[in-house]
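Student:
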Amino acid sequence: MSFLARLHDRGLRPALVGGILLASLLAGAAAAAMTPTDEQKAALCGTRASCRIAKTTDAGTDEGGRALAVVELHLGLADKPAEAPEEGCSSDPDSEAKDGGVEYWLIRAGDAPTRLMALCNDGYGAAGVGEDEVTVGNNRLIHVQSGGSAWRWDASLTYSLSPFRELHERDCSYNTLTPDSGTLLDLDLHRLQARSLAWRSAAASSGDAGASTDEEGEMGCPDWPASLDEAFVAQPTADSVAAYVVPAPLGSAADPVAQGTALGNCALSLSTDGSRGFLVFGKPADSTADAAEIRVIAQGYNELLLQLYDPTAVAALEAAKGKSWVQAPHVEIWTAVQSAAADDSDAPPALDFLQFGIGLDGKVYPGAGKPADLPAVERWSATDEQDRPVQVMRLHWEDQWAFLSGVGIVYSQSLNGKQARLVATTGIVKNRPLFLPTIWTHEPEDSGQGGAHCAVENRRLMLQP
């Protein structure tokens, strides 16, 4: 589910969202824009007498080399959308006057105009602080929107214009009454992957000596360092922590994945060769041939599908016979619950982290925090898209909100009867995760017509198209 869709569930009623655009994408936007033809002008406004073209912006060319332009229409109060407030929309932040909102249309030579989005700023939340900003670049439209109440949010989304689809989203959510509550969510809508960034103090457990006691703290979200796009690390700055987010790429209404299905490239992938995920213990696997890969998706807030390919597992299990499960290859799951010892201060509530392990035979072992709510485990064999034999496990919790406060995944690869290396979705220090983000649900409609989605293909979950 997109960030603004989750806010809609909270009753904050946001509209479309916007995106971040690199300077290179804006090159050419200042060039002379294609002028709408008389036929296109008639199609843009139709019978709406108050409609006027505010500006037309060059948008480069489509995949066939045809010129693109984006037209910004302003509507008077008489032509406001049916779903708009009775008093109308607030399109001009420097004026208290109400109107009928703003529309953005795509035009290209020889085609009828296509409406991209219609905006009606009704304050976007109880605080009435909503704002929209739209920027057009080469085959890109970027919409930045903010709003909220005590919970404030801002979101930026990048679209391609031809075809019109969602490419990237970066969202911030924070409480104006709670310092250090801000969390960033970074979404790659082309690959259906998610990452998150939070203040270190807010992500801390109740037993973390590094948890902040600063009453002032920080409002808003931590800045996303440019270095994170070059190398994703678990602690990019002294006061922020980052983690990979477990995706739910099939959406909130999907049927359970059928037994026998393999997880393809829709899933979050971790590898013990150090190329994907955080290697939190040990050295990378000596070669790609020895590297283990674990893939994971969520189905709701209480079910995980885990897939393992480990070419060393058979020998490792034999070498670890008679030893603790910790020395054998296994999966570790971390979840979080709000601490029972949390006080009434304005600081973010402290978390208690809970850990358990799962052997490759499906047996569950309680770990740190002594979790009582352990999942049921279902297992099957499959073949992935590289024709490798893999083992898949479905973990199902009775608590339907088991991941609400966060979830993290670890795989422990074993060698010669000993734990050799750990790869994880989060940094882990002194057997405590640095940050456990909750899952990200991608609804199929979020990507727009022709956008990326996940579907079963040859008994494997694969990205489409």
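The sequence shown lines up with residues -29 to -1, 1 to 436 when you count with mature numbering (1 follows the signal peptide of the UniProt record, and there is no 0).
Beta carbons are placed, not taken as given, at the ideal position from N, Cα and C, and that holds for glycine.
Measure from the alpha carbon of A269 to the alpha carbon of each residue in Y75, A224, D210, P134, then state which is nearest.
Tutor: Ranking the options by Cα distance to A269, first place goes to A224.
Student: Taking the alpha carbon of F327 as the reference point, which residue from V378, E289, A284, E58 has its own alpha carbon closest?
Tutor: If we check each option's Cα against that of F327, V378 comes out closest.
Student: Can you tell me where the beta strand (DSSP E) with R111 in it begins and where it stops?
Tutor: Per DSSP, R111 belongs to the beta strand (DSSP E) from 111 to 119.
Student: By Cβ distance, which residues of its chain are closer than 7 angstroms to G248, with the 5 residues on each side in sequence left out?
Tutor: For G248, where only same-chain residues beyond five positions count, the Cβ hits under 7 angstroms are Y215, L241, S242, V394, A395, T396.
Student: Alpha carbon to alpha carbon, what distance is there between D281 and V228?
Tutor: Between V228 and D281, the C-alpha separation is close to 22 angstroms.
Student: Using only alpha-carbon positions, find the residue among G108, D65, S62 that is nearest to A40.
Tutor: It is G108 whose Cα lies nearest to the Cα of A40.
Student: For W351, collect the residues of the same chain with a Cβ closer than 7 angstroms to its Cβ; drop the 5 residues on either side in sequence, then sort them by chain order.
Tutor: Same-chain partners within the cutoff: Q230, G231, V363.
Student: Expressed to the nearest angstrom, what Euclidean distance is found between the alpha-carbon atoms of S246 and V348?
Tutor: For S246 and V348, the distance between alpha carbons rounds to 28 angstroms.
Student: Tell me the rounded alpha-carbon separation between P436 and N429.
Tutor: Computed Cα separation, rounded: 15 angstroms.
Student: Mind checking which residues open and close the alpha helix (DSSP H) that includes R171?
Tutor: Counting along the chain, the alpha helix (DSSP H) containing R171 begins and ends at 171 to 174.
Student: Tell me the rounded alpha-carbon separation between E34 and N110.
Tutor: Approximately 9 angstroms, taken between the alpha carbons.
Student: Would L46 pass as a contact of D70 if the rule is Cβ separation under 8 angstroms?
Tutor: Contact flag set, yes.
Student: Rounded to whole angstroms, what's the CA-CA distance from G28 to D65? Just pull it up for me.
Tutor: According to the sequence as given, residue 28 is Thr; it is not Gly. One C-alpha to the other measures close to 22 angstroms.
Student: Taking the straight line between their C-alpha atoms, what separation do you get for A180 and V204?
Tutor: Summary for A180: the model assigns pLDDT 47, below 50, so the residue's position carries little reliability, and this model does not support an answer.
Student: May I have the straight-line CA-CA distance separating P415 from P150, to the nearest angstrom?
Tutor: Cα-Cα distance, rounded: 34 angstroms.
Student: Indicate whether the contact test is met: 3 or more Cβ pairs, each with one atom in the segment 161 to 174 and one in the segment 126 to 133, closer than 8 angstroms.
Tutor: With the cut-off at 8 angstroms, the segment 161 to 174 and the segment 126 to 133 do not touch.
Student: Rounded C-beta distance between N273 and W368? I'm assuming under 8 angstroms.
Tutor: Their Cβ separation, rounded to whole angstroms, is 4 angstroms, which keeps N273 and W368 in contact under 8 angstroms.
Student: CA-CA distance, V251 and R403?
Tutor: Looking at the two C-alpha atoms, the distance is approximately 11 angstroms.
Student: Roughly how many whole angstroms lie between the Cα atoms of S61 and A174?
Tutor: Taking the straight line from one Cα to the other gives about 37 angstroms.
Student: Please tell me whether Q371 and Q298 are closer than 8 angstroms, where the distance is taken between their beta carbons.
Tutor: Their beta carbons are not under 8 angstroms apart, which means Q371 does not touch Q298 by this criterion.
Student: Let me confirm a value: N387 is counted as buried when at least 16 other C-beta atoms fall within 10 Å, else exposed. Which label applies?
Tutor: When all chains shown are included, N387 counts as exposed.
Student: Distance, Cα to Cα, Y145 vs K294?
Tutor: Y145 and K294: Cα-Cα distance of roughly 46 angstroms.
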